[in-house]
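Just below is one structure, and these are the notes that go with it.
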Amino acid sequence: MTSHLKWYPDIGTKCTLNPVTLKFTEFLKATASGKIEGVSAEKFETEFERTKLPAYIFGAMIPCIRLYANLGKELLMFLQGNPTHQYRIIIRNYASESLEVCGLQELAKKNEKLLDKLSITLTTHELSIVEKLYQKAMEIEVGFLLGQPLDQKCVIPISREHNLDEERLVIFFKFDSTCSVVDSSAILAEMTIVSAQKSDDNQPKNKPENESENQPENQPENQPENQPENQPENQPENQVVRLLSEVVKSTWDDICKDYTDEYEQCISTLLLTHEKGKHSFSYFTAEKLDYERLCIALEQLSDFEKRANTRVSESGVLRGLRLDEIKRVGELMVLQDGCKNFFQSIIKNEQLNADIHALSCCWCSDLIRSNIMT
1 MTSHLKWYPD IGTKCTLNPV TLKFTEFLKA TASGKIEGVS AEKFETEFER TKLPAYIFGA
61 MIPCIRLYAN LGKELLMFLQ GNPTHQYRII IRNYASESLE VCGLQELAKK NEKLLDKLSI
121 TLTTHELSIV EKLYQKAMEI EVGFLLGQPL DQKCVIPISR EHNLDEERLV IFFKFDSTCS
181 VVDSSAILAE MTIVSAQKSD DNQPKNKPEN ESENQPENQP ENQPENQPEN QPENQPENQV
241 VRLLSEVVKS TWDDICKDYT DEYEQCISTL LLTHEKGKHS FSYFTAEKLD YERLCIALEQ
301 LSDFEKRANT RVSESGVLRG LRLDEIKRVG ELMVLQDGCK NFFQSIIKNE QLNADIHALS
361 CCWCSDLIRS NIMT
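Here my numbering is used: position 267 in the sequence shown is 267, and no number is missing along the way.
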């Protein structure tokens with residue numbers, strides 16, 4: 001008891017009993033009194049039959065001890081370089097193999113050896129009862145851990161006990177500069193500039209001034225018969241007209257500047273608030289979640305993004321890009337460490353009923369889709 005007080009100095013403080021803790025204690029009490037599923041009460045009336053009860057009790061107790069012993073061993077790494085960690089005493093005792101400090105590692109080993117000895121005389125059916133008790137105890141303990149409040153940032157499974165028939169896991173994530181190393185919009189912009197430069201290189205060169213000397217009189221220079229005026233020579237009717245690279249660069253610069261200026265103005269407007277009776281504005285500070293105000297703000301932000309996207313579409317800077325080129329670039333995009341494995345694990349997991357939704361200002365969903373799916 002003295003050692004236990006060292007682990008929990010506030011053991012005398014009253015606290016609300018966790019429902020799962022109560023469930024586990026009731027489970028242990030029922031097992032100890034012989035109220036075991038699949039075993040009749042009359043089974044333990046004789047002295048010989050009662051000798052089997054300790055095996056059942058140990059089968060129900062050991063999972064808790066073994067689980068916390070293993071957790072303590074895994075958590076030891078968090079004590080490295082942190083001698084003042086608030087849970088250092090508990091973790092060290094859980095991981096300790098010394099019974100002098102109530103080490104759970106050694107306690108688990110001794111109890112498991114004792115259970116092996118108690119199980120020697122058990123029949124196959126009786127061993128299956130021990131196994132069911134062990135499994136039931138472990139399920140309760142895992143439920144206890146899953147039910148704990150998360151008071152600090154930590155890594156937890158994205159899905160806990162997922163019911164495929166009744167539940168769907170919906171995952172939203174920001175793609176640009178969160179998952180991707182480079183903004184996807186910047187990649188599309190670079191593609192249009194490179195494409196325009198190639199178009200420039202394919203334009204016919206200016207002819208020398210003296211080239212017209214050998215032209216027949218009254219014959220327009222390089223103007224073939226039946227060639228409509230203002231129609232470039234050898235240009236197919238369906239060829240996509242590309243902007244010159246200088247114009248594309250200038251247009252992108254203007255689009256980016258307008259987007260940045262209007263975005264800052266939009267955010268500032270959303271954060272400003274006006275009090276009745278006053279002629280001044282101040283920045284809004286939320287004390288709690290205001291769902292209606294948040295919806296209005298998101299609608300205004302969405303309208304801004306739609307206007308910005310319309311401006312890009314109407315500018316024509318994306319004209320001429322080929323879908324296969326975009327997909328190929330998407331496949332080669334570099335993501336942050338772990339992102340691709342994360343998405344692949346969701347896509348390939350047949351036991352997970354999930355949808356993935358990407359949030360991005362990119363103008364081509366195929367670029368993002370090709371990156372995630374490859």
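For glycine and all other residues, C-beta sits at the position ideal for the given N, C-alpha and C.
- In chain order, VAL20, LYS23, PHE24, PHE27 place their CB closer than 7 Å to the CB of ILE140, counting only its own chain and leaving out the 5 sequence neighbours on each side.
- Shortest Cα-Cα distance from ASP366 to any of SER345, GLU331, GLN344 involves GLU331.
- Collapsing the DSSP output to three states places LYS174 in a strand.
- Taking the Cα of CYS179 as reference, the smallest distance to any Cα among ASN349, GLY143, VAL334, ILE120 is reached at VAL334.
- ASP183 has its alpha-carbon roughly 17 Å from the corresponding atom of VAL317.
- The alpha-carbon of THR51 is positioned some 12 Å away from that of GLY34.
- Per DSSP, reduced to three states, the secondary structure at HIS357 is strand.
- Scanning its chain for C-beta atoms nearer than 7 Å, with the 5 sequence neighbours on each side dropped, one finds around PHE172 the residues HIS357, LEU359, in chain order.
- The three-state reading of DSSP puts SER370 in helix, counting H, G and I together.
- ALA55 is a Cβ neighbour of LEU115, given a cutoff of 8 Å.
- Annotated three-state conformation of LEU17 is coil, per DSSP.
- Beta-bridge analysis with DSSP links SER302 to no other residue.
- Judged by DSSP in its simplified three-state form, LEU188 adopts helix.
- Taking a contact to require three or more Cβ pairs closer than 8 Å, the segment 71–78 and the segment 90–99 qualify as touching.
- In the assembly as shown, CYS256 is an exposed residue. Its beta-carbon has fewer than 16 other beta-carbons within 10 Å.
- Scanning its chain for C-beta atoms nearer than 8 Å, with the 5 sequence neighbours on each side dropped, one finds around VAL170 the residues ALA354, ASP355, HIS357, in chain order.
- A residue is called buried when at least 16 other Cβ atoms come within 10 angstroms of its Cβ; CYS364 meets this threshold and is buried.
- Setting aside the 5 residues that flank it on each side, LYS327 is surrounded in the same chain by ASP366, SER370, each with a C-beta closer than 6 Å to its C-beta; the list follows chain order.
- CYS266 is positioned such that its CB atom lies closer than 8 Å to that of GLN300.
- Counting along the chain, the unbroken alpha helix (DSSP H) around TYR134 starts and ends at 124–146.
- By DSSP's assignment, SER180 forms a beta bridge with LEU335.
- Around the beta-carbon of SER195, 16 or more other beta-carbon atoms lie within 10 Å, marking it buried.
- The residue among THR374, GLU314, SER313, ARG322 with its C-alpha nearest the C-alpha of PHE342 is THR374.
- In this structure, ILE193 lies away from VAL329, with their beta-carbon atoms at least 8 Å apart.
- By the Cβ neighbour-count rule, ALA30 is exposed, with fewer than 16 other Cβ atoms within 10 Å of its own.
- Between the alpha carbons of MET138 and LYS117 lies a distance of about 21 Å.
- Between the alpha carbons of CYS64 and GLN336 lies a distance of about 38 Å.
- At least 8 Å separates the beta-carbon of TYR134 from that of LEU104.
- Taking SER177 as the centre and dropping the five residues before and after it, the same chain places the C-beta of ASP183 closer than 8 Å to its C-beta, in chain order.
- Here LEU75 is not bridged, per DSSP, to any residue.
- By the CB criterion at 8 Å, THR251 and SER313 fall outside the cutoff.
- A buried status is given to CYS362, since no fewer than 16 other beta-carbon atoms sit within 10 Å of its beta-carbon.
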